[in-house]
Amino acid sequence: MASVTNALSQNRIEPVRIPLLFIFLPRIDLIFSLTMITGLVLPLLMVLGLIAINLWLGLISFGLIAIGGILFTVFIGEIR
Numbered sequence: 155m156a157s158v159t160n161a162l163s164q165n166r167i168e169p170v171r172i173p174l175l176f177i178f179l180p181r182i183d184l185i186f187s188l189t190m191i192t193g194l195v196l197p198l199l200m201v202l203g204l205i206a207i208n209l210w211l212g213l214i215s216f217g218l219i220a221i222g223g224i225l226f227t228v229f230i231g232e233i234r
């Protein structure tokens with residue numbers, strides 16, 4: 155009886171772990187691209203004078219570039 159218990163415990167099926175990013179894989183590249191493009195376009199519009207230069211917009215654009223870059227790096231790491 156002990157050998158049956160040992161055999162069952164050794165042949166236990168492990169769950170397959172799927173990275174959370176793979177669930178959103180079809181559109182996640184678009185999200186990263188839009189985040190980084192928005193972060194780059196906001197300062198350009200400020201320099202051209204199309205929108206008022208504002209500290210908050212500058213911080214938001216920097217944040218969008220940083221968040222997009224970080225997410226892109228994580229995304230590339232998950233694929234490899």
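Position one of the sequence shown corresponds to residue 155 (our numbering), numbered consecutively onward. Beta carbons are placed, not taken as given, at the ideal position from N, Cα and C, and that holds for glycine.
For residue i, which option in the options has the closest C-alpha, if you only look at C-alpha atoms?
i, options, result
"Leu199", "Leu218, Gly212, Thr189 and Ser187", "Gly212"
"Val195", "Phe229, Pro169 and Ser215", "Ser215"
"Thr189", "Ala206, Gly223 and Val228", "Gly223"
"Phe229", "Glu168, Arg171, Ile191 and Leu184", "Leu184"
"Phe226", "Ser187, Pro169 and Glu168", "Ser187"
"Ile221", "Pro169, Gly203, Glu168 and Ile191", "Ile191"
On the premise that residue j lies in contact with residue i, defined as a C-beta separation below 8 Å, what is that separation, rounded to the nearest angstrom?
i, j, result
"Arg218", "Gly193", "The sequence shown places Leu at residue 218, not Arg. Yes, Leu218 and Gly193 are in contact; Cβ-Cβ is about 3 Å, under 8 Å."
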